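*Asks:* Structure provided below as structure tokens; questions to follow.
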Amino acid sequence: MSVFCGGKRELHCVMSTSSKVRFIRLVAVATVIFSCTRTIAVFDQHAYENATSLKAEALALMDEATTPFSQLDAEVKDLMIRVAAAYEYARGLPENEITAEQWAILKAPDGSLLGGFFALWAQRGTMSAAGIAASKSNVAAAFDTIIELEAAKIRE
Amino acid sequence: MPDFNDFLTLFKANLVTLGRREVEEHAEALFQDGQDFAQQAEADLKQWTGALAAGGMTGPEFRLAVRGRAELAQMEALKQAGLAAIRIDRLKQSIVDTIVDAATRTFLT
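Keeping their order, the protein sequence lines are chains A and B. Per our numbering, residue 71 is the first one in the first sequence, and the count goes up by one each step. Per our numbering, residue 10 is the first one in the second sequence, and the count goes up by one each step.
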């Protein structure tokens with residue numbers, strides 16, 4: 071209801087008890103709807119463990135790249151299958167497009183991170199220690215971007 | 010007797026404080042992350058160029074490392090986009106909490 075207060079016109083809604091209850095219900099419904107619409111996926115323990123364990127395995131396997139690729143072909147294929155599985159898992163989570171895109175960049179065989187490193191190793195047979203160290207620093211930091219983003223997500 | 014204007018005044022005051030805090034905290038963190046990334050990239054590039062010149066690293070390995078760093082920058086940008094989305098969700102949650110808090114303090118006390 072509108073009233074005059076001290077000569078200045080302003081909206082002054084004096085609320086009855088039933089109005090208060092209705093208002094609080096309205097606030098509750100609005101806040102539930104508002105809070106249920108997420109911009110990004112919530113934290114997922116399995117996704118976090120995928121990233122941390124695959125990081126450790128990938129870096130250990132990269133260290134072996136002074137050895138001819140043919141001797142570790144099976145290990146590389148096995149790891150890349152598990153990386154692909156982690157990507158598919160991330161892609162399947164709702165509102166998780168950003169993390170899925172990170173995995174896609176990391177694993178791309180025509181890219182220059184983990185997938186690209188294994189492709190070059192396969193093509194050239196062996197890698198130099200300096201080449202391994204350079205790519206390892208990129209791949210480690212790339213995994214960290216996934217891990218840090220997952221760790222920062224809201225826990226439900 | 011409490012009224013809707015009291016509620017709005019309290020809600021707006023809380024919201025302004027909340028928004029100011031969010032902007033101040035995260036602008037500084039974002040700037041620091043960018044600086045750290047650029048410094049690390051510069052140091053690594055110097056090292057890789059030295060290794061290439063000394064014959065310790067092959068041309069394809071050098072290209073892989075440099076292109077990999079560019080892709081890493083892309084992944085870092087995605088992480089920052091994700092962190093911004095998380096902040097939006099946290100802010101939404103804080104707005105909800107602020108509404109509930111202001112309504113409760115105005116009408117139920």
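Even for Gly, the Cβ is constructed at its ideal location relative to N, Cα and C. Small disclaimer: the values here were computed from a predicted structure and weren't measured.
With distance defined between alpha-carbon atoms, name the residue in A:A200, A:T87, A:W191 nearest to A:L142.
*Replies:* Checking every option, the nearest Cα to that of A:L142 belongs to A:W191.
*Asks:* I think A:A200 touches B:A60, with their Cβ atoms under 8 angstroms apart; what is that distance to the nearest whole Å?
*Replies:* Their Cβ separation, rounded to whole angstroms, is 4 angstroms, which keeps A:A200 and B:A60 in contact under 8 angstroms.
*Asks:* Mind listing the chain A neighbours of B:F76? Cutoff is C-beta to C-beta under 7 angstroms, in chain order.
*Replies:* Per the sequence shown, residue 76 of chain B should be read as Arg rather than Phe. Under the 7 angstroms cutoff, chain A gives S182.
*Asks:* Classify B:Q41 as buried or exposed, calling it buried when 16 or more other Cβ atoms lie within 10 Å of its own Cβ.
*Replies:* Exposed, since its Cβ has fewer than 16 Cβ neighbours within 10 Å.
*Asks:* Just to check my reading of the structure: A:R108 and B:D53 have Cβ atoms closer than 8 angstroms, yes? What is that Cβ distance to the nearest angstrom?
*Replies:* Not a contact, Cβ separation roughly 36 angstroms.
*Asks:* Which complete alpha helix (DSSP H) runs does the region 155-224 of chain A hold, if anything under 4 residues is left out?
*Replies:* Within the region 155-224 of chain A, the complete alpha helix (DSSP H) runs of at least 4 residues are 167-177, 184-194, 199-222.
*Asks:* Here's the rule I'm using: 16 or more other beta-carbon atoms within 10 Å means buried, otherwise exposed. How should A:I224 be labelled?
*Replies:* Under this definition A:I224 is an exposed residue.
*Asks:* Here's the rule: buried if 16 or more other CB atoms are within 10 angstroms of the residue's CB, otherwise exposed. What is B:D45?
*Replies:* Exposed.
*Asks:* At least one CB of chain B closer than 9 angstroms to the CB of A:M226: is that the case?
*Replies:* The question names Met, yet the displayed sequence has Glu at residue 226 of chain A. A:E226 does not count as touching chain B.
*Asks:* I want to see whether chain A comes within less than 9 angstroms of B:A38, judged by CB atoms only; does it?
*Replies:* Taking Cβ atoms only, chain A never reaches closer than 9 angstroms to B:A38, which makes this a no.
*Asks:* Of all the CB atoms in chain B, is at least one closer than 9 angstroms to the CB of A:V231?
*Replies:* A query on residue 231 of chain A cannot be resolved here, the shown segment of chain A reaching from 71 to 226 and no further.
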